[in-house]
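Enquirer:
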């Protein structure tokens with residue numbers, strides 16, 4: 792693990808994450824309507840953050856951060872709050888929690 796760069800960058804263009812052993816993740820604000828965050832407790836006090844990027848009520852893309860493996864806990868929380876603040880700035884929704892909306896027919 793040492794020496795592998797972990798990158799989280801957020802800009803008016805989009806979001807980019809680089810973590811070990813995963814393909815580079817990049818998404819543009821124009822590609823989705825809102826972000827839904829699911830937080831799980833993994834093993835060894837390891838929090839897992841799964842971000843769903845929702846477009847037209849469907850998951851357009853998703854990204855998982857494994858707490859201790861990818862970023863420290865403090866960094867994970869910082870990433871979450873940065874994404875939340877930026878989403879507001881870009882007029883995108885940011886929803887925390889496990890509620891997957893069921894489609895009503």
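In this note's numbering, the protein residues as written are 792 to 896.
Even glycine gets a Cβ: it sits at the ideal position worked out from N, Cα and C.
Nothing here was measured: the structure is a model prediction, and the numbers come from that model.
(1) Taking a contact to mean a Cβ-Cβ separation below 9 angstroms, would you say residue 855 touches residue 840 in this structure?
(2) May I have a chain-ordered list of the beta strand (DSSP E) segments no shorter than 3 residues that lie completely inside the segment 833 to 871?
(3) Look at the alpha carbon of residue 879 and the alpha carbon of residue 885, and state the distance between them as a whole number of angstroms.
(4) Determine, using beta carbons only, whether residue 875 comes closer than 9 angstroms to chain B.
(5) Taking only three categories from DSSP, how would you classify residue 881?
(6) I'd like the list of long-range same chain contacts for residue 809, defined as Cβ closer than 7 angstroms, with 5 residues on each side in sequence excluded.
(7) Taking residue 805 as the reference, give the member of 859, 821 and 852 with the closest Cα.
(8) Let me know if residue 881 comes out buried or exposed under the rule of 16 or more other beta-carbons within 10 Å of its beta-carbon.
Expert: Reading from the atomic positions:
(1) Cβ atoms of residue 855 and residue 840: closer than 9 angstroms.
(2) Whole beta strand (DSSP E) segments, 3+ residues: 838 to 846 and 849 to 857.
(3) C-alpha of residue 879 to C-alpha of residue 885: approximately 8 angstroms in a straight line.
(4) Absent here is chain B; the protein component of the structure consists of one chain.
(5) Note: residue 881 maps to coil in three-state DSSP.
(6) Around residue 809: 796, 797, 798 and 815.
(7) Taking the Cα of residue 805 as reference, the smallest distance to any Cα among 859, 821 and 852 is reached at 821.
(8) Exposed is the call here.
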